[in-house]
Amino acid sequence: RMDDDFTGDFKGPAVVPVACMLAASPEPEKLTLLAPDLYRQMTEHVPRSAFLAMTVLGVVDVIPKTEWKRYIDKTTRIYELMADKGLLDHDGETFVAALLAMTDKPPERAVFEIEELLGRLKPLFPLRSSARAVGVTLSIAGGSNNQNMRHIERFLSALQTAGMKLGGNHSMGLLGALSFSKYDTKRFLERMREADMALAQQSGYRGLLAVPRKRRLIHAAILVACRARKRDHKNTNFDIAYRAALLIILADALSVL
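Below, the structure written as structure tokens:
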């Protein structure tokens with residue numbers, strides 16, 4: 016059913032991540048019924064893409080069908096505003112607008128705040144793609160820009176002290192999500208180091224053509240964040256930001272395939 020409904024957006028490189036998202040859901044049948052319907056309605060207003068298709072799978076989990084029209088209108092408006100301000104690189108980035116539309120902020124405020132936040136993040140993340148990945152994740156998690164900056168600066172400082180540097184421009188969004196975790200930062204980094212050491216012994220993570228350590232640390236962070244998310248299941252900000260960060264990472268992976 017989804018193969019027919021999503022056509023080219025479900026086929027190709029998107030098949031594996033979408034299938035994984037369905038497999039991880041406690042109600043995959045529900046997603047296969049709702050996601051194509053919402054996606055079809057959304058693409059009557061914004062450009063279609065595999066990235067947006069993946070985002071919709073996450074959206075139907077948290078936004079009831081009765082709120083779809085409001086959500087679609089909000090996504091459309093945010094997309095238009097971001098496009099006008101040059102905050103999107105191509106049509107396939109409609110998923111960024113779809114993610115921001117999940118917040119309770121009006122479109123104008125959401126775009127104003129993300130634009131201001133991106134300016135403040137630039138000294139920390141000189142690459143546009145890195146700054147935007149972090150900015151979108153922080154914006155979705157909620158809180159003021161001042162609070163968000165404190166979150167990310169504190170977490171970056173802890174990473175630097177621990178001698179860890181994560182790699183992958185779009186993967187930086189994960190830092191934004193992790194900064195919202197109520198998991199003790201020191202303990203989190205210790206667990207992350209343990210996961211990194213374990214990964215280093217696995218096939219594909221060692222040898223001449225192995226995954227670079229900076230990217231391996233991203234994988235370690237994802238593993239530890241999964242555990243933290245289960246322990247911190249009432250922390251809605253962390254949960255939403257974590258979902259958004261993973262979608263951004265997947266979009267980055269698809270863009271180079």
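FYI, the working numbering numbers position 123 of the sequence shown as 138, with every residue one higher than the one before it. Just so it is clear, CB atoms sit at the ideal spot from N, CA and C, and this is done for glycine as well.
**Message:** Which residue wins for smallest C-alpha separation from LEU49, given the options LYS80, PHE170 and ALA177?
**Reply:** Counted from its first residue, the sequence shown places residue 49 at position 34. Among LYS80, PHE170 and ALA177, the Cα nearest to that of LEU49 is on LYS80.
**Prompt:** What number of angstroms, rounded off, separates the C-alpha of ARG206 from the C-alpha of LEU153?
**Reply:** For the purposes of this step, residue 206 is taken as the residue at position 191 of the sequence shown. For the purposes of this step, residue 153 is taken as the residue at position 138 of the sequence shown. When rounded, the distance between both Cα atoms is 23 Å.
**Message:** Could you compute how far the alpha carbon of ALA148 sits from the alpha carbon of ARG165?
**Reply:** Start at 1 with the first residue of the sequence shown, and residue 148 comes out as number 133. Start at 1 with the first residue of the sequence shown, and residue 165 comes out as number 150. Annotation: ALA148 to ARG165 spans about 17 Å, alpha carbon to alpha carbon.
**Item:** Selected residue, minimal CA-CA separation from LYS180, among LEU46, VAL75, PRO43 and LEU232
**Value:** Working through the sequence shown from its first residue, we reach residue 180 at position 165. Nearest of LEU46, VAL75, PRO43 and LEU232 to LYS180, Cα basis: LEU232.
**Request:** Flag this pair as yes or no: are the beta carbons of VAL151 and ILE129 separated by less than 9 Å?
**Result:** Along the sequence shown, one-based indexing puts residue 151 at 136. Along the sequence shown, one-based indexing puts residue 129 at 114. Contact: yes.
**Request:** Go ahead and pull the three-state DSSP assignment for SER64.
**Result:** Sequence index remark: in the sequence shown, residue 64 carries index 49 (1-based). Coil at SER64, not helix or strand.
**Request:** Label LYS77 either buried or exposed according to how many other C-beta atoms from any shown protein chain fall within 10 Å of its C-beta, with 16 as the threshold for buried.
**Result:** Here residue 77 corresponds to residue number 62 of the sequence shown, with the count starting at 1. Contrary to the premise, residue 77 reads as Val rather than Lys in this sequence. The residue is exposed, with fewer than 16 neighbouring Cβ atoms inside 10 Å.
**Item:** Assigned exposure category for LEU272 - 16 Cβ within 10 Å defines buried
**Value:** Here the question's residue 272 lines up with position 257 in the sequence shown. Residue placement at LEU272 is flagged as unreliable, the pLDDT there being 39, under the threshold of 50; the coordinate-derived value follows with that caveat. It is exposed - the Cβ of LEU272 has fewer than 16 other Cβ atoms within 10 Å.
**Prompt:** Distance, Cα to Cα, GLU131 vs ALA112?
**Reply:** For the purposes of this step, residue 131 is taken as residue 116 along the sequence shown, with counting starting at 1. For the purposes of this step, residue 112 is taken as residue 97 along the sequence shown, with counting starting at 1. Cα to Cα, GLU131 sits roughly 16 Å from ALA112.
**Message:** Going by DSSP, what residue range makes up the alpha helix (DSSP H) through LYS45?
**Reply:** Reading the sequence shown from its first residue, position 30 is the one you call residue 45. From DSSP, the alpha helix (DSSP H) with LYS45 extends over 43–57.
**Request:** Could you check how far apart the C-beta atoms of LEU190 and PHE170 are, in whole angstroms? I think they sit under 8 Å.
**Result:** By one-based count along the sequence shown, residue 190 stands at place 175. By one-based count along the sequence shown, residue 170 stands at place 155. Yes, LEU190 and PHE170 are in contact; Cβ-Cβ is about 6 Å, under 8 Å.
**Request:** Look at the Cβ atom of ALA225, then the Cβ atom of GLY219, and state whether they are nearer than 9 Å.
**Result:** Against the sequence shown, residue 225 aligns to sequence position 210. Against the sequence shown, residue 219 aligns to sequence position 204. In contact: ALA225 and GLY219 (Cβ atoms closer than 9 Å).
**Item:** Own chain residues within Cβ distance below 6 Å of ALA259, not counting five before or after
**Value:** Here residue 259 corresponds to residue number 244 of the sequence shown, with the count starting at 1. Same-chain partners within the cutoff: LEU114, THR152 and ILE155.
**Message:** Between the alpha carbons of GLU95 and PRO122, how many angstroms are there, rounded?
**Reply:** Translated into positions along the sequence shown, residue 95 becomes position 80. Translated into positions along the sequence shown, residue 122 becomes position 107. Whole-angstrom Cα-Cα distance: 10 Å.
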